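Undergrad: Numbering (my numbering), first residue to last: 346 to 478.
Glycine included, C-beta positions come from ideal geometry on N, C-alpha and C.
All figures in this text were calculated on a predicted structure; none of them were measured in a lab.
Sharing a structure below in structure tokens format, with a few things to ask.
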């Protein structure tokens, strides 16, 4: 327990980014959907948008810098193959390209629709959420 890990305002009064909350949201996606977080993102976000260069695992095609794992007993960093860099990976471990992120941003600007001429069946989320984005 650390006193400084907590916020001191009532829910809904203010906001603060939290890696742990983002990791928890990823866990909820897994529990509710029955899919791994990576499979869910592939099926419902990356594939529909054509984001073929985006993934939660380090790319094996040489397009990404090496990951490192800290070994405290040796006081050095070892290169790690594959896998996530940290346990709460939904909070910032996404590997992507500028082009793929542009596809995502365009979709958000269209309130979640995959393309300009999309109907409600090709929206990344339900229509009730669209006006909130």
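DSSP state of residue 433, grouped into three classes?
TA: Of the three classes helix, strand and coil, the one that applies to residue 433 here is coil, per DSSP.
Undergrad: Is the beta carbon of residue 398 closer than 8 Å to that of residue 460?
TA: The answer is no: Cβ separation not under 8 Å.
Undergrad: Report buried or exposed for residue 457, applying the criterion of at least 16 other Cβ atoms within 10 angstroms of its Cβ.
TA: So residue 457 counts as buried.
Undergrad: Which word fits residue 453, buried or exposed, when buried means at least 16 other C-beta atoms lie within 10 angstroms of its C-beta?
TA: Label assigned to residue 453: exposed.
Undergrad: Could you check which residue in 469, 395, 437 and 435 has the C-alpha nearest to that of residue 444?
TA: The shortest Cα separation from residue 444 among 469, 395, 437 and 435 belongs to 395.
Undergrad: Could you give the residue range of the alpha helix (DSSP H) that holds residue 456?
TA: Element bounds for residue 456: n/a, residue is neither H nor E.
Undergrad: Taking residue 439 as the reference, which of 450, 470, 356 and 383 has the closest Cα?
TA: Taking only the C-alpha atoms, the option nearest residue 439 is 383.
Undergrad: Can you give the Cα-Cα distance for residue 468 and residue 400, rounded to whole angstroms?
TA: If I take the Cα positions, the gap works out to 20 Å.
Undergrad: Out of 436, 388, 352 and 451, which has the shortest C-alpha to C-alpha gap to residue 369?
TA: The residue with the shortest Cα to Cα distance from residue 369 is 436.
Undergrad: On a Cα-Cα basis, can you pick out the residue from 347, 360 and 386 that is closest to residue 449?
TA: Residue 449 has its Cα closest to that of 386, out of 347, 360 and 386.
Undergrad: Taking 7 Å as the limit between beta carbons, can you name the residues of its chain near residue 478, skipping five residues before and five after?
TA: For residue 478, the predicted structure reports a pLDDT of 48, less than 50, and the residue's modelled location is therefore unreliable. A value from the coordinates is still provided. So the list reads 453, 456 and 457, once near-sequence residues are dropped.
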